Each structure stands twice: as C-alpha cells, then as structure tokens.
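This report concerns only the one structure given below.
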Amino acid sequence: MNFNNLLNQVLGSVKQAGEQISKSDNMPDTITKVGGGAAAVGVLSMLLGRGGGSSLAKVGSLAALGSLAYQAYQNYQKNNGNVSVSDLIEGAFSHKSEQVAEQTSNVILRTMIAIAACDGVIDEQERQAILSEGGSTPEIQQWIIDEMAQPASVEVIAQQVGNNPALASEVYLAARMVCGAELSRKEIVFLSQLAQALNLDDKLVEQLEKQAGF
C-alpha cells in the first residue's frame, strides 16, 4: 500500500482547495471536485467536514510538513540555549528513502484519522465518501475504513514513532493542524496525551502550535 502517495494526495488536495473547502455549503461535492482517489476524498471529508483542518492548507506534501516541523524545532533550540536539547539537523526531518517515507506517512495518516475520530462523530456520509468514487486500491480503502472504525491510540502511535524526536514533532504538528482554532475538550485531551506519549517538551509543543498557526 502506498501511504506516501495517499498522504501527499490528501495534503496536496487540501492546499489546492484552501479556504474554499472549509467554507463550502456542500462539503462532499466540493471535496470531490478537488480531485484524487476515493480514499483521499474520504479522508478529506473526515478531516474538514466539521470545520477543522484549515491550517493544513499551508502544507502540500510530506516534505512541506517536515520543513515546518524543522522550523519549529530550530526555534525551540534557539529559545532553549541553556537547556540540553538534541541538535537535530534538517536531514532528520526529510524522508529520502521510499521505506522511510512510507513508514512516516503511515503513522501521520493514522494520527490524523485518530484525532479526527476522537470526538466519536464520524458519520455514515463520511464513511461512504471513501467508497463513492473510483481510483483508489481496495486495500487502501479498507485500511482507512478499519482505522476509522478503530482509531489508533496515542500509545500505539507513540510505539510506532519510537525514539525519533523529528518524527514525533511531525506527528504532533499534523495532528494539531487537523483541529480548528477552537479545540473541543476531547481534542485537547488527545493532543495533551499525544504530546506526553511522544515525550515532547512543552516548549517544543508551543513552537509546533505556532507553526500550525495557533
């Protein structure tokens, strides 16, 4: 399954549509017109259908997400000169090999779906959006349906990230960008637990929030 292609398709579609998606009166039709396969349409509907995710419009690809996370980490390092902070280079936030890109895209997609699902209101219309258009492999479609039905916990996400502060930063940033400016109680809890599970310093989380536009 090509998770890197799916993630880039989703992020690229959000960037292409921009604010038009979040302001549309007919969300499914607007999202479908953006293009992409059925799986991307379904994820877009889920991420943006309730008004969240508008900040994702600034991210068009996995590479762009990594660049934003790196900027946040740079600011974190600069503001904590007297504290022991890992000196991560820009290369730590890039995904040069196909295998690394696939693994990174998989956990980022799982996290985006999990936080979109944390309020428990993924409806049948959003589920059907995945199946209503052609162009995606049945395996990818089924994977998303399974993730929607049983979203990954923050513990599972953290286990998949492992001891990788660059990836942890990207995962948190992606999760935060899915949410709107006004967080629900469940979103606040999810993000707090995610940051803790990923061992992210509070000041780094603050910088990631700024990169997300909040």
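Be aware that the sequence shown starts at 26, since it is given in my numbering, and climbs by one per residue. Where a beta carbon is used, it is the ideal one built from N, C-alpha and C, also for glycine. Because the structure is a prediction, the values reported are computed rather than measured.
Cβ shell of residue i (< 6 Å), same chain only, five flanking positions each side left out
i    : result
V214 : none
8 Å contact criterion, which residue i and residue j should meet: CB distance rounded
i    : j    : result
L90  : L198 : 7 Å
L225 : A193 : 6 Å
Cβ-based neighbour list, residue i, same chain, cut-off 7 Å, excluding 5 preceding and 5 following
i    : result
A117 : A191
I93  : Here the sequence assigns Leu to residue 93, which means Ile is not the residue at that position. For L93, where only same-chain residues beyond five positions count, the Cβ hits under 7 Å are V84, L198 and Q236.
A220 : Y197 and V230
Proximity winner among the options, relative to residue i (alpha-carbon distances)
i    : options                   : result
E115 : Q166, A206 and Q102       : Q102
A126 : I165, A88 and E231        : A88
K228 : S122, Q34, N100 and N30   : N100
S209 : A220, L219, L223 and A141 : A141
A222 : G238, N189 and E207       : N189
A206 : F239, R135, L113 and S130 : F239
Alpha-carbon spacing of residue i relative to residue j, whole angstroms
i    : j    : result
T162 : L233 : 33 Å
R201 : Q96  : 16 Å
V230 : Q34  : 26 Å
E164 : N27  : 10 Å
N105 : Y98  : 11 Å
T55  : T136 : With a pLDDT of only 49 at T55, under the threshold of 50, the placement of this residue in the model should not be trusted; the figure read from the coordinates follows. Each residue's Cα considered, the two are about 24 Å apart.
V179 : T129 : 16 Å
Q166 : L134 : 13 Å
G61  : Q218 : Because G61 sits at a pLDDT of 47, beneath the cut-off of 50, its placement in the model cannot be relied upon, and the following sentence gives the value as read from the coordinates. Looking at the two C-alpha atoms, the distance is approximately 32 Å.
L113 : C143 : 31 Å
Nonlocal neighbours in the same chain, by C-beta distance under 8 Å from residue i, ignoring five residues either side
i    : result
V132 : I182, Q185, V186, L192 and V196
E123 : N29
S119 : A88 and G91
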